[in-house]
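Each remark here refers to the structure printed beneath this line.
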């Protein structure tokens, strides 16, 4: 039996509401991570009577805090999508990042995807297109996990699907 080539189709794509929910949840998680790191530095500084680091954290300007958040955003998206093909928000919404052929994105695609998120106004790219800039530039798709797995199994039942 010949295997047919799998391709992500429009019916598998995550909805705009799922994508918006992913964005909101991920931003909240990034913010919580940022607060947790800052608080941990302050607590360690207080416990060790070494106030240089805790003074640095408490004196961060709004701009410095924003850039600290961007660094956390970079590592959060890179690590979670590189290793799991999904962020914590995507677990909640049951969505997944894949390449056009249904395979797991490689490191280059994930880095492009993550860096693209840093483009100003990038979150609004969904208002004018079905896929955001971080999807199109990295040639990746966010799909509904269960529908994706079922369709891929139907097309190529012998393939092992790792998600």
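Numbering (UniProt numbering), first residue to last: 1 to 163.
All residues carry an ideal CB built from backbone N, CA and C; glycine is no exception.
With distances taken between CB atoms, is the gap from residue i to residue j smaller than 9 Å?
i, j, result
"residue 72", "residue 54", "no"
"residue 98", "residue 31", "no"
"residue 132", "residue 122", "yes"
"residue 13", "residue 139", "no"
"residue 150", "residue 10", "no"
"residue 118", "residue 155", "no"
"residue 94", "residue 145", "yes"
"residue 29", "residue 87", "yes"
"residue 77", "residue 46", "no"
Name the two residues that bound the continuous alpha helix (DSSP H) containing residue i.
i, result
"residue 115", "107 to 116"
"residue 151", "145 to 155"
Looking at the structure shown, is residue i part of a helix, part of a strand, or coil, going by DSSP?
i, result
"residue 80", "helix"
"residue 57", "helix"
"residue 13", "strand"
"residue 27", "helix"
Can you tell me whether residue i is buried or exposed, with buried defined as 16 or more other CB within 10 angstroms of its CB?
i, result
"residue 153", "exposed"
"residue 109", "buried"
"residue 51", "exposed"
"residue 60", "exposed"
"residue 1", "Low confidence applies here, because residue 1 scores a pLDDT of 45, under 50, leaving its location unreliable; read the following figure in that light. Label assigned to residue 1: exposed."
"residue 101", "exposed"
State the start and end residues of the unbroken beta strand (DSSP E) segment that holds residue i.
i, result
"residue 96", "95 to 99"
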